[in-house]
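Written below as structure tokens is the structure these notes are about.
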Amino acid sequence: YFLPILGLLILCGTLVFWLMLKRRSPTEELERALRDGEFVPYYQPIVDADADRWDGAEVLVRWRHPVEGVIPPDQFIPLAESSGLIVPLTQALMQQVRRELSTRLGQLPHGFHIGFNLSAAHCHDWRLLDDCREFLAAFPPGRIILVLELTEREPFRATPHTFRLFERLREMGILIALDDFGTGSVGLDYLRHFRVDSLKVDRSYVAMADEDVLSQHLFDNIVDLAQRLSLTVIAEGVETPAQNAYLRDHGVHHLQGYLYARPAPLRDMLARLKSPPSR
Ligand code: C2E
Ligand code: CA
Ligand code: CA
Ligand code: CA
């Protein structure tokens with residue numbers, strides 16, 4: 233009976249070894265997903281309330297996992313950032329957006345804005361220039377306006393190097409939006425140096441804009457600051473008609489939120505763009 237037992241032992245050993253190979257670390261799982269093209273763009277359109285038309289869209293990444301289904305970015309962006317995978321992930325996303333938009337260009341208004349969320353690591357990286365150049369080269373000049381969203385939560389270090397990088401981006405006609413505005417503490421200096429084009433007022437301010445008087449003062453101050461600096465103000469997370477009315481009455485004309493449209497794959501967003509924005 234020695235041989236069958238030996239056979240069984242070898243079989244078990246092989247099985248354990250195989251299982252150990254299969255069990256990857258979270259970082260390895262991210263790398264695999266990147267290779268397999270599981271990160272996909274969703275789009276959430278932004279309304280220009282003055283012109284009563286769709287002004288652009290923000291790209292929000294999703295992980296389409298073969299077993300887990302659609303995973304939201306909050307669950308993997310932090311790991312992508314700490315493991316150094318955020319730059320290749322963003323590059324892959326930009327390439328995918330470029331490819332799918334260039335085949336459906338006829339369905340987008342002229343000068344449609346496309347915004348990408350950038351992590352701080354990418355903002356020090358000269359490859360960003362090539363990534364943006366490659367993206368814009370797929371469209372006739374001015375057909376698509378590229379917007380880079382930088383979060384105020386994690387303001388990056390300003391060095392002569394980053395100044396030059398941002399100067400070059402500006403020369404290429406790329407717009408910079410300061411995201412989650414009101415949650416961090418970037419000073420006026422930062423805003424001046426980086427010559428931001430727009431502020432995206434954080435959802436937490438939008439949620440309380442129609443509530444009490446103190447919140448309204450906070451909100452009004454942000455809008456007032458933005459207008460003094462000649463920046464476009466975009467409100468994110470607009471959910472209710474009351475918020476919508478308050479925002480419009482207080483000088484905010486660019487609106488984004490579930491009230492107008494949820495983030496969705498390109499095909500669904502294009503269907504939504506066929507009718508004018510309605511509340
Ligand atoms: P964010 O840039 O502040 O994006 C807005 C988030 O608010 C999105 O969440 C969006 O789905 C959600 N949202 C939009 N309208 C409403 C609304 O009316 N009500 C509520 N409650 N939420 C609304 P999402 O897609 O889960 O993304 C979360 C965050 O993940 C983003 O926050 C952004 O910081 C990050 N992120 C997403 N895609 C990327 C990416 O490609 N690269 C990087 N670095 N970060 C990304
Ligand atoms: Ca954003
Ligand atoms: Ca935001
Ligand atoms: Ca946010």
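Mind the numbering: the sequence shown is residues 233 to 511 in the UniProt record's numbering, read in order. Quick reminder that beta carbons are idealized off the backbone N, C-alpha and C, glycines included.
So residue i is in the beta strand (DSSP E); what residue range does that whole segment cover?
{"i": "Q276", "result": "271-280"}
{"i": "H486", "result": "486-488"}
{"i": "A493", "result": "From DSSP, A493 is part of no beta strand (DSSP E); its letter is neither H nor E."}
Confirm, please, whether the CB-CB distance from residue j to residue i is below 8 Å.
{"i": "V438", "j": "A467", "result": "yes"}
{"i": "E300", "j": "F348", "result": "no"}
{"i": "residue 512", "j": "F426", "result": "Nothing in the structure corresponds to residue 512, since the chain is present only between 233 and 511."}
{"i": "A259", "j": "S315", "result": "Checking the displayed sequence, the identity of residue 259 turns out to be Thr instead of Ala. Yes; because the gap between Cβ atoms is below 8 Å, this pair is in contact."}
{"i": "Q327", "j": "V272", "result": "no"}
{"i": "A289", "j": "R330", "result": "no"}
{"i": "L502", "j": "Q307", "result": "no"}
{"i": "I346", "j": "V379", "result": "yes"}
{"i": "D434", "j": "L463", "result": "no"}
{"i": "Y492", "j": "V470", "result": "yes"}
By the 10 Å Cβ neighbour count, where 16 or more other Cβ atoms means buried, how is residue i classified, buried or exposed?
{"i": "Y233", "result": "exposed"}
{"i": "Q488", "result": "buried"}
{"i": "S510", "result": "exposed"}
{"i": "H342", "result": "exposed"}
{"i": "M404", "result": "exposed"}
{"i": "I237", "result": "exposed"}
{"i": "H393", "result": "exposed"}
{"i": "H356", "result": "exposed"}
From what residue to what residue does the alpha helix (DSSP H) around residue i run?
{"i": "T259", "result": "258-267"}
{"i": "V455", "result": "445-460"}
Cβ pair count under 8 Å reaching 3, the stretch 351-364 against the stretch 320-337: yes
Sufficient close CB pairs (3 or more, under 8 Å) joining the stretch 460-480 to the stretch 496-507: Taking a contact to require three or more Cβ pairs closer than 8 Å, the stretch 460-480 and the stretch 496-507 do not qualify as touching.
Pick out the complete alpha helix (DSSP H) segments inside the stretch 366-439, 4 residues or longer, and give them in chain order. Runs found: 392-403, 420-426.
Would you say the stretch 484-496 touches the stretch 271-278, given that touching needs at least three Cβ pairs under 8 Å? A contact between stretches requires three or more CB pairs, one per stretch, nearer than 8 Å, and the stretch 484-496 meets this requirement with the stretch 271-278.
Curious, which full-length beta strand (DSSP E) runs of at least 3 residues does the stretch 286-356 contain? Secondary structure in the stretch 286-356: the beta strand (DSSP E) runs of 3 residues or longer, each lying completely within the stretch, are 301-303, 344-350 in chain order.
Residues near ligand 6, criterion Cβ-heavy atom distance below 6 Å: Annotation note on ligand 6: not contained in the displayed structure, which lists ligand 1, ligand 2, ligand 3 and ligand 4 as its ligands.
Inspect the CB distances between the stretch 479-487 and the stretch 452-466 and report whether three or more fall short of 8 Å. yes
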